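Per mature numbering (1 follows the signal peptide of the UniProt record, and there is no 0): the sequence shown = residues -23 to -1, 1 to 140.
We put the CB at the ideal spot given by N, CA and C, even for glycine.
Only a predicted model underlies this, so the values are computations on that prediction, with no experimental measurement involved.
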Amino acid sequence: MIKRFMPLLMLLMLGGCTYPAVKQSAVPDAIPSDNPTVEEMLGCLAANDHLSAQQLRHKQQALEKQPARALRSRFERACLLGRSNASDAELVQAQQILETLEQEQRLDIQHKQLIGLYTEHLRLVQRLRQQQRETREYKTKIELLKGLEEELEPGAVKQEQTP
């Protein structure tokens, strides 16, 4: 699990969003109760990758019962949609939710940095998946061309020897 989230954690560290810095700068009165803490946000990002299909449905149903306007429930919904085995459509939905969250005035700068980094992570996952699909297509085409080349080589040799 550590290997899976290492790029995201490195982005967080490079972005200046480290745990001690967040812990020292957090002002409890400045964060409304529906705002998740940075620790809760990081926990949410790490917790959803190993859910079974049943656990995932249960969490989604629980989130649907919560108010859709609450920042916490919107971020949790984005975490569920952005898990590593999510479909491309789910990743797009997660990005859209995160982009609207990033515009929220009620969030601290650390929250916005984390949301921005997670949004970038989801974009990179989509690009990687696209490149993997293209690579598979190219490999298939190369194998097909090699097969055609092998079929044509004996015929080409016979034609060259005939004149």
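When secondary structure is reduced to three states using DSSP, Arg60 falls in the coil class, being assigned neither helix nor strand. A buried status is given to Thr96, since no fewer than 16 other beta-carbon atoms sit within 10 Å of its beta-carbon.
Minimum Cα-Cα distance from Lys36 among the listed residues Arg49, Met18 and Glu53 corresponds to Glu53.
In this model, Ser61 and Asp26 are separated by some 6 Å (Cα to Cα). When DSSP states are grouped into helix, strand and coil, Ala47 belongs to the coil group. Note on geometry: alpha-carbon atoms of Ile86 and Ala39 lie some 28 Å from one another. The shortest CA-to-CA distance from Gln31 to any of Leu57, Pro13, Pro44 and Ala23 is the one to Leu57. In this structure Glu81 touches Leu48 by the C-beta definition: roughly 6 Å separates them, less than 8 Å. For Thr77, the uninterrupted alpha helix (DSSP H) segment begins and ends at Asp65 to Glu79. Beyond the five residues adjoining it in sequence on each side, Leu84 comes within less than 8 Å, by CB distance, of Asn12, Leu48, Leu78 and Ile92 in the same chain, given in chain order.
Just measuring C-alpha positions, the residue of Lys118, Gln90 and Gln107 sitting nearest Asp65 is Gln107. DSSP places Arg34 in the uninterrupted alpha helix (DSSP H) bounded by Ala30 to Lys42.
Annotated as distal: Arg104 and Gln72, with beta-carbon spacing of 8 Å or more.
Considering only Leu125, Ala55 and Pro44, the residue with the shortest C-alpha distance to Leu19 is Ala55.
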